[in-house]
Amino acid sequence: MSDMEPEVRNFLAKITISLSVSVLWMLINSTFGIFFKYAFFEDKPTIGNYIFYIWFVISLGWLIYYLYKKWKF
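Given below as structure tokens:
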């Protein structure tokens, strides 16, 4: 096994999980927003734009809450 102390291992695991969840959140929102063009308005906002931005705000709130709970000591 590793000679790493448990506190250091837990700290590095927190960093890795936080980065992974944040990058996954950005990847999902970038894919739906940019690739599927839900982040941009053409002539006027569509129902897809509204759904995307509602999802974006709710998922951002969840991400902030998750990271806050994860890093609360």
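Just so we're aligned, residue 103 is where the sequence shown starts under our numbering, counting upward by one. Beta carbons: idealized from backbone N, C-alpha and C, even for Gly. Predicted model only: the values in this text are computed from it and were never measured.
Spatial distance of residue i from residue j (CA atoms)
{"i": "Ile117", "j": "Leu162", "result": "18 Å"}
{"i": "Lys146", "j": "Tyr170", "result": "36 Å"}
{"i": "Ile156", "j": "Ala115", "result": "31 Å"}
{"i": "Lys160", "j": "Ile153", "result": "In the sequence as displayed, the identity of residue 160 is Ile instead of Lys. In a straight line, the C-alpha of Ile160 is about 11 Å away from that of Ile153."}
Three-way DSSP call (helix, strand, coil) for residue i in this model
{"i": "Pro108", "result": "helix"}
{"i": "Phe154", "result": "helix"}
{"i": "Tyr140", "result": "coil"}
{"i": "Lys146", "result": "coil"}
{"i": "Phe113", "result": "helix"}
{"i": "Lys171", "result": "helix"}
Candidates the options, of which the one nearest residue i by Cα
{"i": "Phe158", "options": "Glu144, Phe134 and Trp173", "result": "Phe134"}
{"i": "Leu165", "options": "Val110, Leu126 and Phe175", "result": "Leu126"}
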